[in-house]
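Engineer: Note that the sequence shown covers residues -21 to -1, 1 to 176 in mature numbering (1 follows the signal peptide of the UniProt record, and there is no 0). We treat Cβ as the ideally placed atom computed from N, Cα and C, and that holds for glycine. Provided herewith is a single structure, encoded as structure tokens, for subsequent inquiry.
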Amino acid sequence: MFSVTFVVNLWSFLVVFLEHAILYDRLFPVGDEVLGDDFVLPIGECKIERFVYMCIFFQCKCNFSREGNHITIVSFANGVGMSLEAANELEGLGISAEVINLRSLRPLDFETIKKSVMKTRHLVTVEEGWPFAGIGAEISAQVSECEAWDYLEAPILRVCGVDVPMPYAQHLEEEVIPNMTHIVTTCEKSLKHKMKK
């Protein structure tokens, strides 16, 4: 039999790690620090992705890019790859996108998001989950409750999965899950919109 103290202490050290199965066969460029023997992923710390890559048949071609100035795209897991592809596409249209890889959802590194939003004045969140009660909704709520809200020039937009049960047929799955085209379209929509305050 376990004591209450034991259970409480156990919960304080519990970590849930979710892997996205679609990412297993993809190659990603990584920095030298990741390849070292002592690399530990900092939990609760976002990473502003400084590179943009294009996936062709699951082969990734790396191109260094600057941090964005026009729009902030926040994502995690498979959405990061799609967001980086969208940033590459947007760069061809003259739009500089800053992509933030959340890396952990709780704790959430909100300071990095806030600073980026205050710099770019536009925010798009990307996730494969449903729009209701997702991480994009939480980020939107937190931005609306802080000083970054006053910097926004357009409403916060979310790119999410369609609010239907997840189909298993690949052609239907592709219709339900967000893709690079959805992200580019949403970013363009955000940049065309001007908020009246």
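#1: Rounded to the nearest angstrom, what separates H150 and V(-18) at their Cα positions?
#2: Considering only residues of the same chain and omitting the five flanking positions on each side of L102, which have a CB-CB separation below 6 angstroms?
#3: For E132, does the three-state DSSP call read helix, strand or coil?
#4: Consult DSSP for L69 and reduce its assignment to one of helix, strand or coil.
#5: Is it the case that the Cβ atoms of L(-4) and A65 are separated by a distance below 9 angstroms?
#6: Should K40 be labelled buried (16 or more other beta-carbon atoms within 10 Å of its own) or exposed?
#7: If distances are taken between C-alpha atoms only, which option among I114, L20, P110, Y3 comes closest to I92?
#8: DSSP on N57, reduced to helix/strand/coil?
#9: Over what stretch of residues does the alpha helix (DSSP H) that includes L170 continue unbroken?
#10: On the DSSP letters alone, give me the boundaries of the beta strand (DSSP E) that L6 sits inside.
#11: For the beta strand (DSSP E) that V155 lies in, which residues bound it at each end?
#12: Measure the alpha-carbon distance for W128 versus M61 and round it to whole angstroms.
#13: Give the straight-line distance between the Cα atoms of G73 and E167, rounded to the nearest whole angstrom.
#14: Just how far apart, CA to CA, sit F(-16) and H(-2)?
#15: Taking E77 as the reference, give the member of C125, V13, T99 with the closest Cα.
#16: Whose C-beta lies closer than 6 angstroms to the C-beta of H172 among residues of the same chain, with five residues either side of it excluded?
#17: Three-state secondary structure (DSSP) at V13?
#18: Given this structure, state the Cα-to-Cα distance separating E153 from S169, to the nearest angstrom.
Structural biologist: Judging by the given coordinates:
#1: 49 angstroms
#2: T51, V96, I135
#3: coil
#4: helix
#5: no
#6: Residue placement at K40 is poorly supported in this model, since its pLDDT is 36, which falls under 50; the coordinates are not used for a value here.
#7: I114
#8: helix
#9: 159 to 171
#10: Per DSSP, L6 belongs to no beta strand (DSSP E) and is neither H nor E.
#11: No beta strand (DSSP E) holds V155; the alpha helix (DSSP H) holding it covers 149 to 155.
#12: 26 angstroms
#13: 11 angstroms
#14: 31 angstroms
#15: T99
#16: A133
#17: helix
#18: 24 angstroms
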